[in-house]
Amino acid sequence: MEGAEQKIIAAARRIFQRKGMAGARMEEIANEAGINKALLHYYFRSKEKLFQVVMTEAKMQMLGRLHPILGSEASLFEKIEKFVESYISFISLNPFLPGFILHEINRHPEEMVKMMLSNDKRPNLNKFFLQVESEIRKKNIIAIQPEQLFINMLSMCVFPFVARPLLQGVMNVSDKKFSLMIEARKKEIPKFIINAIKR
28 MEGAEQKIIA
38 AARRIFQRKG
48 MAGARMEEIA
58 NEAGINKALL
68 HYYFRSKEKL
78 FQVVMTEAKM
88 QMLGRLHPIL
98 GSEASLFEKI
108 EKFVESYISF
118 ISLNPFLPGF
128 ILHEINRHPE
138 EMVKMMLSND
148 KRPNLNKFFL
158 QVESEIRKKN
168 IIAIQPEQLF
178 INMLSMCVFP
188 FVARPLLQGV
198 MNVSDKKFSL
208 MIEARKKEIP
218 KFIINAIKR
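Per our numbering, the sequence shown starts with residue 28, numbered consecutively.
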């Protein structure tokens, strides 16, 4: 039983990654999982419910990747580089996750905050903030609020995924070129941020 449920989730993840929730069909997910549609509906009554399960799982995996980076003993600049590379790599495989998280924040802000604070794999922001303050005192970087630095790191990674249709339309770039631009941002964002804050 549990095996069938995991097969469905894995199949749904592949379909959602390719087509998003709007473009995915339950029949297609059932075929991908190698089960009949009735069994799919037994485990997950709606596409929306299945999408929520897949995205919540991805959200927890993402937190699990970022936690060891920000909580490590690496240098500040190395953390910035690793955070950006890891975040963009993960979101590239789960491109609909940022939109899902924003949707959930708008619908259930208190629940999202509670989930983040209760998760033992959440990024260790306090350690990161203290490290930023230490680098400022050592005059290795300019005076900047640690919170502002983190918001800059996060938003520069997320925005292209959230605004992809708009950006592609305005810049008139193909899917292939946009993917190459996203890949390049793994290097461009850390370089931009580090050059902006280092003395």
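The beta carbon of each residue, even a glycine, is placed where N, CA and C say it ideally should be.
Collapsed DSSP secondary structure at residue i in the structure displayed
{"i": "Lys165", "result": "coil"}
{"i": "Leu128", "result": "Note that residue 128 corresponds to Ile in the displayed sequence, not to Leu. Note: Ile128 maps to helix in three-state DSSP."}
{"i": "Pro173", "result": "helix"}
{"i": "Arg40", "result": "helix"}
{"i": "Ser182", "result": "helix"}
{"i": "Phe104", "result": "helix"}
{"i": "Gly196", "result": "helix"}
{"i": "Gly47", "result": "helix"}
{"i": "Asn121", "result": "coil"}
{"i": "Ile62", "result": "coil"}
{"i": "Arg134", "result": "helix"}
With 16 other Cβ atoms within 10 Å as the buried cut-off, status of residue i
{"i": "Met89", "result": "buried"}
{"i": "Ile115", "result": "buried"}
{"i": "Leu157", "result": "exposed"}
{"i": "Lys86", "result": "buried"}
{"i": "Lys106", "result": "buried"}
{"i": "Met198", "result": "exposed"}
{"i": "Leu120", "result": "exposed"}
{"i": "Pro192", "result": "exposed"}
{"i": "Pro136", "result": "exposed"}
{"i": "Met28", "result": "Here the model assigns Met28 a pLDDT of 45, short of 50, so the residue's position is not dependable and the matter cannot be decided."}
{"i": "Val81", "result": "buried"}
{"i": "Glu108", "result": "buried"}
{"i": "Ala170", "result": "exposed"}
Closest residue to residue i among the options (Cα-Cα distance)
{"i": "Asn179", "options": "Asn58, Leu157, Ile132 and Ile220", "result": "Ile220"}
{"i": "Gly50", "options": "Lys106, Phe123 and Leu207", "result": "Phe123"}
{"i": "Glu112", "options": "Phe205, Glu215, Phe155 and Ile224", "result": "Glu215"}
{"i": "Met48", "options": "Ile163, Ile56 and Phe78", "result": "Phe78"}
{"i": "Gly126", "options": "Val189, Glu59 and Arg226", "result": "Val189"}
{"i": "Met208", "options": "Met183, Ile168, Gln33 and Phe155", "result": "Met183"}
{"i": "Leu176", "options": "Ala223, Met82 and Pro95", "result": "Ala223"}
{"i": "Gly61", "options": "Val140, Ser99, Lys34 and Tyr70", "result": "Lys34"}
{"i": "Ser73", "options": "Glu131, Lys154, Ile128 and Ile36", "result": "Ile36"}
{"i": "Val185", "options": "Glu75, Arg212 and Leu152", "result": "Arg212"}
In DSSP terms, what residue i is bridged to
{"i": "Arg203", "result": "According to the sequence as given, residue 203 is Lys; it is not Arg. Lys203 pairs with nothing; no bridge assigned."}
{"i": "Lys225", "result": "Ile168"}
C-beta atoms of residue i and residue j nearer than 8 Å
{"i": "Lys46", "j": "Met53", "result": "no"}
{"i": "Val159", "j": "Leu103", "result": "yes"}
{"i": "Ile42", "j": "Glu55", "result": "yes"}
{"i": "Glu162", "j": "Ile168", "result": "yes"}
{"i": "Pro150", "j": "Leu97", "result": "yes"}
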